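Numbering (our numbering), first residue to last: 884 to 992.
Spelled out as structure tokens, the structure:
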């Protein structure tokens, strides 16, 4: 049996940058937002430092002591786990833009 989905009321964002929120109508601010930031292989210390600088700029009240660093199962990569309190779409866009430009960051989810 196949179910067909119609009338989802989701308007695609045609000209959005890949670091911008794609469906802003689905986001409700303020919100708590858990995030994992995965670094390039061998960049453990540099990753933590660079992400700390980014978060301090966008979220001045962020407690860097709350960051949790974990190696991947193979030990090749490290992930920083953070919980952020977001108040606007602009914060999200600025955060993903800064992480996209960071040399030590492979991806963020």
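Where is the CB? At the ideal position from N, CA and C, for every residue including glycine.
Values in this document were obtained by computation on a predicted structure and should not be read as measured data.
Classification of residue i by the beta-carbon crowding that lies within 10 angstroms, buried from 16 upward
i           : result
residue 975 : buried
residue 969 : buried
CB of residue i within 7 Å of CB of residue j, strictly
i            : j           : result
residue 933  : residue 985 : yes
residue 1042 : residue 987 : The chain is shown only over 884 to 992; residue 1042 falls outside these bounds and no answer can be derived.
residue 962  : residue 953 : yes
residue 981  : residue 937 : yes
residue 919  : residue 964 : yes
Alpha-carbon spacing of residue i relative to residue j, whole angstroms
i           : j           : result
residue 904 : residue 950 : 24 Å
residue 956 : residue 921 : 13 Å
residue 944 : residue 915 : 14 Å
residue 908 : residue 941 : 22 Å
residue 959 : residue 966 : 24 Å
residue 946 : residue 935 : 9 Å
residue 911 : residue 930 : 29 Å
For residue i: DSSP bridge partner residues
i           : result
residue 988 : 922
Quick one: complete alpha helix (DSSP H) runs, 4+ long, within the region 916 to 985?
Taking only runs of at least 4 residues, the alpha helix (DSSP H) segments lying wholly in the region 916 to 985 are 927 to 941 and 972 to 984.
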